[in-house]
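See structure below.
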Amino acid sequence: EPEVTQTPSHQVTQMGQEVILRCVPISNHLYFYWYRQILGQKVEFLVSFYNNEISEKSEIFDDQFSVERPDGSNFTLKIRSTKLEDSAMYFCASSPPPGQTQYFGPGTRLTVL
Amino acid sequence: DAKTTQPTSMDCAEGRAANLPCNHSTISGNEYVYWYRQIHSQGPQYIIHGLKNNETNEMASLIITEDRKSSTLILPHATLRDTAVYYCIVRPGSSNTGKLIFGQGTTLQVKP
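Sequence lines, in order, name chains A and B.
Just so it is clear: in the first sequence, position 19 is 19 by my numbering, and no numbers are missing.
To convert, count from 1 in the second sequence and add 113; that's my numbering.
In structure tokens form, the structure reads like this:
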């Protein structure tokens with residue numbers, strides 16, 4: 001069964017460093033998403049992406065964040081200068097058209113020291 | 114913000130049916146009811162969704178009231194592996210972005 005994959009599973013970084021989180025969406029899906037979950041809190045929407053453009057972003061997704069689909073399979077989330085409060089689980093998801101079911105990856109745990 | 118209301122927690126005996134309620138009294142005619150679950154800190158797992166008819170798949174059944182203001186997710190024979198946080202989410206069937214808005218969900222504890 002096709003699934004969304006994410007790498008790395010755990011990333012530790014120093015405050016102020018840049019990190020790139022990687023995702024491989026399900027191959028025939030067209031819409032891609034990033035969500036995050038701070039420990040003990042709700043899953044929060046960050047951004048949606050279609051046709052090489054951001055469709056929607058939340059207020060969390062500020063100028064420190066960017067997304068990219070560098071090739072036909074990967075979807076990345078970059079945080080330019082990490083802060084302590086960026087420590088969270090980051091989940092990638094994908095769907096065919098956006099109104100259809102989203103499938104989530106296993107997540108990347110980001111720890112900012 | 115989430116447009117659903119769920120109990121914070123529930124217990125269920127292993128082997129028994131788990132019935133998880135959800136209120137969505139402000140649901141619109143084009144909005145679907147989706148259920149996901151999250152085991153520990155894993156990625157949310159899709160379970161089932163429906164518009165107005167009851168739905169069943171290999172994981173669960175979804176019962177939606179006739180007025181569509183509430184629904185119940187049924188796990189027919191709960192196992193210890195079904196212990197998780199269950200999220201009820203309403204969203205439009207067609208959307209420019211398709212974002213999901215998660216609430217706090219219901220923590221289901223399946224006990225031996």
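C-beta: ideal position from N, C-alpha, C; glycine also.
Close partners of A/P106 in chain B (Cβ separation under 9 Å): Q155 and G156. Around B/T121, the same chain offers Q217, T219 and T220 as residues with beta carbons nearer than 8 Å, after the five sequence neighbours per side are excluded. Taking A/I38 as the centre and dropping the five residues before and after it, the same chain places the C-beta of A88 closer than 7 Å to its C-beta, in chain order. Look at A/S94: its C-beta is not under 8 Å from any C-beta on chain B. Between A/W34 and A/L84, the beta carbon gap of about 19 Å keeps them out of contact (Cβ cut-off 8 Å). A contact between stretches requires three or more CB pairs, one per stretch, nearer than 8 Å, and the stretch 177-186 of chain B meets this requirement with the stretch 144-163 of chain B.
A/L21 sits in a strand when the DSSP states are folded into three classes. Just so you know, the alpha carbons of B/K212 and A/R109 end up roughly 21 Å apart.
For B/Q222, the CB contacts under 8 Å within the same chain, skipping 5 residues up- and downstream, are S122, M123, D124, C125 and T196 in chain order.
Against B/I214, the close residues of chain A are F45, in the order they occur along the chain (beta-carbon pairs closer than 8 Å). For A/K78, the uninterrupted beta strand (DSSP E) run begins and ends at F75 to I79, by DSSP. For A/S66, the nearest beta carbon of chain B is not closer than 8 Å to its own beta carbon. Rounded to whole angstroms, the gap between the alpha carbons of A/P97 and A/Q41 is 28 Å. The beta carbon of A/Y90 lies closer than 7 Å to those of L21, W34, R36, L77, G107, T108 and L110 in the same chain, with the five residues before and after it left out.
For A/F49, the enclosing beta strand (DSSP E) begins and ends at V43 to Y50. For A/D63, the number of other beta carbons within 10 angstroms of its own is below 16, and it is reported as exposed.
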